[in-house]
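One structure below.
Protein chains: 2
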Amino acid sequence: MDEQVPRDFETLRATILDRRESLPKRIAQIAAYALDNPDDIAFGTAASIAASAGVQPSTLIRFAQQLGFDGFTSLQQVFRERLRERNSSYDERLQALRAKAEGGAGHRAIFDGFIAAASTSLNDISRTLDDAHLEDAISLLAKAQTIYVLAKRRSYPVASYIAYALGKLKIRNQLIESAAGLNAEMVGFATPADAVIAISFSPYAPATIEEARAIAEQGVPIVAITDSSFSPLAQFARVWFEVAEADFAGFRSLSATMALAMALTVGVGEKRRDAVRKRKA
Amino acid sequence: MDEQVPRDFETLRATILDRRESLPKRIAQIAAYALDNPDDIAFGTAASIAASAGVQPSTLIRFAQQLGFDGFTSLQQVFRERLRERNSSYDERLQALRAKAEGGAGHRAIFDGFIAAASTSLNDISRTLDDAHLEDAISLLAKAQTIYVLAKRRSYPVASYIAYALGKLKIRNQLIESAAGLNAEMVGFATPADAVIAISFSPYAPATIEEARAIAEQGVPIVAITDSSFSPLAQFARVWFEVAEADFAGFRSLSATMALAMALTVGVGEKRRDAVRKRKA
DNA sequence: GGCAATATGAAATAATAATTCCAATCCATA
DNA sequence: TATGGATTGGAATTATTATTTCATATTGCC
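Residue numbers (this note's numbering), protein chains in the order written: chain Z, 115 to 395; chain Y, 115 to 395.
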C-alpha cells in the first residue's frame, strides 16, 4: 500500500487538513505550524523549524514520512516549489510593466502602459471602494422606474455599456446622448421616482454638470461616479463614488469605472429579481 | 575599510549592476546568473548553483565575499528574504477575489467578480499579445486617410472610446453607428486608402459582420479585434487580434479590449507624429 | 617577454543539517 | 491497573553542504 505523495502545495494542504483529526498530538502540532508558516518550512532547517514549532526535529521528519515523503527534505521541496511557482508579486509586475512602458521603445511600450494603468486602477478601486456606498447606490437604483444614464466624452463609453447591460437585464433605462440635442427635454421627463447614474471626471464636461444640476433640482436621486470630493457632481449626488483612474499617454483607463458600473448594473438586476421573488412568496 | 553590505535585494541588485564592469570574468558570470535566476540562488546549494552557472563553488563564495558578505550563506539570505517579502502572488489575489465573488454574499461579491474578470483579462492579453501584429496594425492604420470604427452592442463602448481618442489626437475617423440606419451608405464611402477597426465578439452582431464583409470587398483594409480564429471577422481582416475577455455574471470585461484599443489609437497618433517630423527634416 | 598580482579550479576540510536509533513515556484496552 | 502498541524526546550517526586551501592559470604592467 504505497501512499500518494502530494507533489504540489495545494494537494499537500488538502491532505493535511483531511487527516488532521487522526494525527498524533505532536505531529498535529507541526502540521498546524506548517500550514500557518509555510514560508518558514520553505527556508528553515529541520532544527530551526522544529524549535519554532516546539517539537523535536525527529517529529518533523516523522510528520513528513507520515505524509508519504521519504524525509523532511522532500517535504520541504513542496514548500519551496510553492514560492517558486507563484508569480512575481503584483507590484513587481506593475513596476516591470511601467518600466517597460517608460523606457521601452516601440508600440509594445504603449500597450504595456495601458495595461499598467488599468491594473493600477483596478487595484486602487478594489482597496478603496466602500461597501456601504455600493449597497446604498444599488438600493436607490433598484427602486427607480427608469434609470437615466448620463455621461459625455471620455465617460461616455461607460454609459453606453451600462445602457447595454441594463437593456439585457430588461431594466428600463434611458441613455442621455447629445446627438439630437434634445437632452434638456429628456432630462425634463425624469421624476423623483426615477434615478440617475451620472459619470464625469475632471475636466468635467459642462453639459454633464448642467444636466445633473437640472435633474437634481427636479428631485431625481443621482448616483455619481467621479474622481474627487470637489467634483461638482458630488454636490448633486445622493450617493457618490470616488474612482481614481490611472492614466497613460493622456488617456484615462476606464477599467475601474467599468467594473463599478457593471457591479451597480448587475446588483440592481439581482435586487429586482429578489424583490419579485419575495412578492411571489 | 568596511564595505556597506547590501541587506535587501534591490540594493544588492544595484550594487551588482554598478560594479559589473569591474568584476573578473567568472565572478561576472555568476553575477549575471544571480540576477537572471534569483530563485535558484534562493533555493539551490552552493554546488548546484555553481554548476548551473558554469563555475566552481569557490567562485560563488568569492562573489559573495566581494559584495561584502562573509560567505554564500549570508548572500543567500538576501535572495530568500526577497521571496518572503514579496506580496502574495497575483494568482493568489485573483483566487481570493474569485472565491469572495462566488461564495460571498451581497453586492460586494459582484463587484469583486468584475474586478477579478478584468484583472484576468488584462493578465491574459498581456501574455498573449503579439508585438508584430501590433506593429502591423498600427502601420496599417497610420496610413489611412480616414479610420472607420465598427462595433455594435457590447463592443460599442470600446468603439466609442476609440472614436473619442482619435478625435482628441486629431485623427480623422468615422464611428459607424446604427442610430440613423445609414450604415450602408457610410460604409460605401470608404476606399482602399482608408482603414477600419472592427470589434466583435461571439455571438457576433450580424450587422457588424455584414458591414465588415461589405467594406472588405471594397478593398478597405481591416484591423479586427475578436475572440477566436473562427470568428467571421478574422476572415475579412488584414490584421486581427485574439482577445479572450473573462466574463462575470454574463457580462464580458472590456478591459483588455480597451487597453488594446487605446494602444492602437495612441500608437497611430505617435506614428503620424513621427512621419510628420521626418517629412520636415 | 618576464614578473607580480590577481583570478580560477579542484580537492580537502570543517561546519551544518538530516536522519536514525533507542530508551522513556503516554495511552487505550482488557 | 497491568500490558502492548503507539508516540515522543534526545543523542548518536550519517549525509550533505559550505568553506578553505593550495596549486595552477591568467592577466596587466613594466
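Even for Gly, the Cβ is constructed at its ideal location relative to N, Cα and C.
Leu137(Z) by DSSP, collapsed to three states: which one?
Looking at Leu137(Z) - three-state DSSP - the assignment turns out to be coil, as it is neither helix nor strand.
Give me the chain Y residues within the contact set of Asp245(Z), using Cβ-Cβ distance strictly less than 9 Å, ordered along the chain.
The answer, in chain order, is Gly220, His221, Arg222, Phe225.
Check each candidate in Gln332(Z), Arg134(Z), Glu195(Z) and name the one with the smallest Cα separation from Gly158(Y).
Ranked by Cα distance from Gly158(Y), the options Gln332(Z), Arg134(Z), Glu195(Z) are led by Glu195(Z).
For Ile130(Z), which residues from the same chain have a beta carbon less than 8 Å from its beta carbon, with the 5 sequence-adjacent residues on both sides left out?
Closer than 8 Å at the Cβ level, and outside the excluded window around Ile130(Z), lie Ala145, Ala148, Leu149, Leu181.
Could you tell me how far apart the beta carbons of Ala102(Y) and Ile175(Y) are, in whole angstroms, since I believe they sit closer than 8 Å?
Any question about residue 102(Y) goes unanswered here, given that chain Y covers just 115 to 395.
Can you confirm whether the stretch 308 to 328 of chain Z touches the stretch 208 to 228 of chain Z when touching is taken to mean that 3 or more C-beta pairs between the two stretches lie within less than 8 Å?
With a cut-off of 8 Å, the stretch 308 to 328 of chain Z and the stretch 208 to 228 of chain Z do not count as touching, because too few Cβ pairs lie within range.
Is any beta-carbon of chain Y found at less than 8 Å from that of Asp388(Z)?
No, no contact with chain Y.
Return yes when the Cβ of Ile252(Y) is within less than 8 Å of the Cβ of His247(Z), no when it is not.
The answer is no: Cβ separation not under 8 Å.
When you compare only the Cα positions, how much space is there between Glu359(Y) and Ala370(Y)?
When rounded, the distance between both Cα atoms is 7 Å.
Residues that Met372(Z) contacts on chain Y, provided the C-beta gap is smaller than 9 Å
Phe228, Ala232, Pro271, Ser367, Leu368, Ser369, Met372, listed in chain order.
Helix, strand or coil for Leu289(Z), going by three-state DSSP, please let me know.
The answer is strand: DSSP assigns Leu289(Z) an E or B state.
Along chain Y, in chain order, which residues have C-beta atoms closer than 9 Å to that of Ala321(Z)?
Against Ala321(Z), chain Y offers no close residue; the least beta-carbon distance is about 15 Å (beta-carbon pairs closer than 9 Å).
Along chain Z, in chain order, which residues have C-beta atoms closer than 7 Å to that of Leu197(Y)?
Listed along the chain, the chain Z residues whose CB falls inside 7 Å of the CB of Leu197(Y) are Leu197.
Using a Cβ-Cβ distance cut-off of 8 Å, determine whether Val380(Y) contacts chain Z.
Nearest CB-CB separation between Val380(Y) and chain Z: below the 8 Å threshold.
Please identify, using Cβ separations under 8 Å, the residues of the stretch 260 to 289 of chain Z that lie next to chain Y, in order along the chain.
Contacts with chain Y (Cβ-Cβ distance below 8 Å) from the stretch 260 to 289 of chain Z involve Arg267, Arg268, Tyr270, Pro271, Val272, Ser274, Tyr275, Tyr278, Ala279, Lys282, listed in chain order.
Mapping the DSSP letters down to three states, classify Ala146(Y) as helix, strand or coil.
Helix.
Leu264(Y) by DSSP, collapsed to three states: which one?
Secondary structure at Leu264(Y): strand, using DSSP grouped into helix, strand and coil.
Run through chain Z and tell me which residues come within less than 7 Å of Phe355(Y), C-beta to C-beta.
Those do not exist, as Phe355(Y) stays about 11 Å from chain Z at its closest Cβ, beyond 7 Å.
Quick one: does Phe303(Y) have its CB under 8 Å from some CB of chain Z?
Contacts with chain Z at 8 Å (Cβ-Cβ) do not include Phe303(Y).
Ala373(Y) beta carbon less than 8 Å from that of Ala232(Z)
For Ala232(Z) and Ala373(Y), yes; Cβs fall inside 8 Å.
Got a sec? Which residues, its chain only, sit under 6 Å from Ser367(Z) by beta carbon, not counting five neighbours each side?
Cβ neighbours of Ser367(Z) beyond the five flanking positions: Ala231, Ala232, Ser235, Glu359, Ala360.
Within chain Y, the residues that Ser404(Z) reaches when beta carbons sit closer than 7 Å:
In the structure displayed, chain Z extends from 115 to 395; residue 404(Z) sits before or after that span and is not available.
Can you give me the start and stop residues for the alpha helix (DSSP H) that Phe228(Z) sits inside?
Run containing Phe228(Z): 220 to 242, per the alpha helix (DSSP H) assignment.
Taking buried to mean at least 16 other C-beta atoms within 10 Å of its own C-beta, is Trp354(Z) buried or exposed?
Under the 10 Å beta carbon count, Trp354(Z) is surrounded by 16 or more other beta carbons and is classified as buried.
Just to confirm, is the Cβ distance from Ala465(Y) to Thr379(Y) under 8 Å?
Residue 465(Y) lies beyond the stretch modelled for chain Y, which goes from 115 to 395, so this question has no answer here.
By DSSP, does Arg386(Y) sit in helix, in strand, or in coil?
Three-state DSSP puts Arg386(Y) in a helix.
Does chain Y have any CB closer than 8 Å to the CB of Asp184(Z)?
It does not: the Cβ of Asp184(Z) has no partner Cβ on chain Y nearer than 8 Å.
Nearest chain Z C-beta to Leu248(Y) closer than 8 Å, yes or no?
Answer yes: the Cβ-Cβ gap between Leu248(Y) and chain Z drops below 8 Å somewhere.
So, under 8 Å CB-CB, Ala328(Z) and Thr340(Z) are touching, yes? Tell me the CB distance rounded to an integer number of Å.
Rounded to the nearest angstrom, the Cβ distance from Ala328(Z) to Thr340(Z) is 17 Å, too far for a contact under 8 Å.
Considering only their Cβ atoms, is the gap separating Gln190(Z) from Gly168(Z) smaller than 8 Å?
No.
Quick one: Cα of Gly391(Z) to Cα of Arg268(Y), how far?
The sequence shown places Arg at residue 391(Z), not Gly. Note on geometry: alpha-carbon atoms of Arg391(Z) and Arg268(Y) lie some 29 Å from one another.
Within this structure, are the beta carbons of Asn287(Z) and Thr305(Z) separated by less than 8 Å?
Taking 8 Å as the cut-off, the beta carbon of Asn287(Z) is found no closer than this to the beta carbon of Thr305(Z).
Let's test the definition: count the other Cβ atoms within 10 Å of the Cβ of Phe303(Z) and tell me whether it reaches 16, buried, or not, exposed.
Here Phe303(Z) is exposed. Its C-beta has fewer than 16 other C-beta atoms within 10 Å.
Can you find a C-beta in chain Z that's less than 8 Å from the C-beta of Glu117(Y)?
Confidence at Glu117(Y) is low in this model, with a pLDDT of 49, below 50, so the placement of that residue should be treated as unreliable; the coordinate-derived value is given next. No, Glu117(Y) does not count as interfacial toward chain Z.
Nearest to Thr242(Z) (by Cα), restricted to the options Glu356(Z), Pro152(Z), Arg352(Z):
If we check each option's Cα against that of Thr242(Z), Glu356(Z) comes out closest.
Interface residues of chain Z around Asp153(Y) at Cβ under 7 Å?
Under the 7 Å cutoff, chain Z gives Arg198.
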